[in-house]
Amino acid sequence: MKKILTLLAVLFILVLAACGGNATNKEEEETKQDDANEDATQEEVTIKVGASSVPHAEILEEAKPILAEKGIELEIEQYEEYVLPNDDLASGELDANYFQHIPYLEQTVADTGYELTHIGSIHIEPIGIYSKLIEDIDAVPEGSEVILSNSVSDHGRILGLFQKAGLITIADGVEVADATIEDIEDNPKNLTFSPDYEPAFLPELYETEEDALVVINTNFAIGAGLSPQDDSLFIEEDDSPYVNIIAVKEEDKDNEALNTLVEVLQSEEIQSFITEKYEGAVVPVSK
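This is how it looks when you write it as structure tokens:
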């Protein structure tokens, strides 16, 4: 009888141990699964970036699979003009945008009070001057019209380019970057500057205003099938300070996913893509 009771006691203990072990294993598995789910949730991030169709959206498309490998899904919102991307960034419709240079961003902030900043430089787009009929700088006719965009932040940049070409002189004491049409001191060919047009319309004006000089931003020139290197009458050098950047809200300047975006765009793989695809029309930078 004593042997039977002892055997039953041993069996009872083994059953309890087995049940306890199963419960422990189950709890451990559930904890591991919860941790895995939490890690997956933390790693899967979606960022929405506004960009000009060319070249910015094309460059972002190239970066998309690299970002996916890092757990970042990139949504690209394309724009064909310059005002809305900053409006949408400030309102929270976008997490970042990629279409503008630093002076344009600074001008927007000054005009609107938006709390925006930039977290990385990606490329330069040398701006060019085009004409259907004028084939040489020295052959620019008296009184020619110069058609340029209404983007004030580009005016000093453009006037500096015309000064470098010997067509005008900016008044002494005026910083070229800050120059306006009113700061033109010498204009020997009596050029008429018309700064009244949306940048996206400039390629169309190049086609219709054949005897004019039309200043076209590189992204719109490429989009219209123009080669800045081959088709421009003269063009900005590739050491331009007007570098295109990733803009974000001030509160997001340390955001890990957005800074990873900058790292990818500044990577050798993407910088090489820019060099090979755009053949000098878009110049990569990493700073």
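Position 24 of the sequence shown, counted from 1, bears residue number 24 in the UniProt record's numbering, the numbering being contiguous throughout. Even for Gly, the Cβ is constructed at its ideal location relative to N, Cα and C. From a predicted model like this one, the values you see are computed outputs, not experimental measurements.
Threonine 169 and threonine 180 have their C-alpha atoms spaced approximately 12 Å apart.
Distance from the CA of aspartate 239 to the CA of glycine 92, rounded to the nearest whole angstrom, comes to 33 Å. A straight-line Cα-Cα distance of about 32 Å links valine 282 and glutamate 44. Between leucine 116 and valine 49 a beta carbon distance of about 14 Å is seen, past the 8 Å cut, so the two are scored as non-contacting. If you draw a 10 Å sphere on the C-beta of lysine 70, you find fewer than 16 other C-beta atoms in it, and that means exposed.
Between isoleucine 147 and valine 140, the C-beta gap is not smaller than 8 Å, which leaves the two residues out of contact.
Within the segment 160-212, complete beta strand (DSSP E) segments of at least 3 residues are found at 184-186 and 192-197, given in chain order. Here the alpha carbon of lysine 253 sits roughly 38 Å from the alpha carbon of tyrosine 130. By the C-beta criterion, the segment 253-262 is judged not to be in contact with the segment 151-171, since fewer than 3 inter-stretch pairs fall below 8 Å. The beta carbon of isoleucine 66 sits closer than 6 Å to those of Val264, all from its chain and outside the five residues before and after it, given in chain order.
Within the same chain, and ignoring the five residues on either side of valine 248 in sequence, the residues whose Cβ sits closer than 6 Å to its Cβ are Ala96, Ile119 and Leu258. If one requires a minimum length of 3 residues, the beta strand (DSSP E) runs lying completely within the segment 228-277 are 243-249, in chain order.
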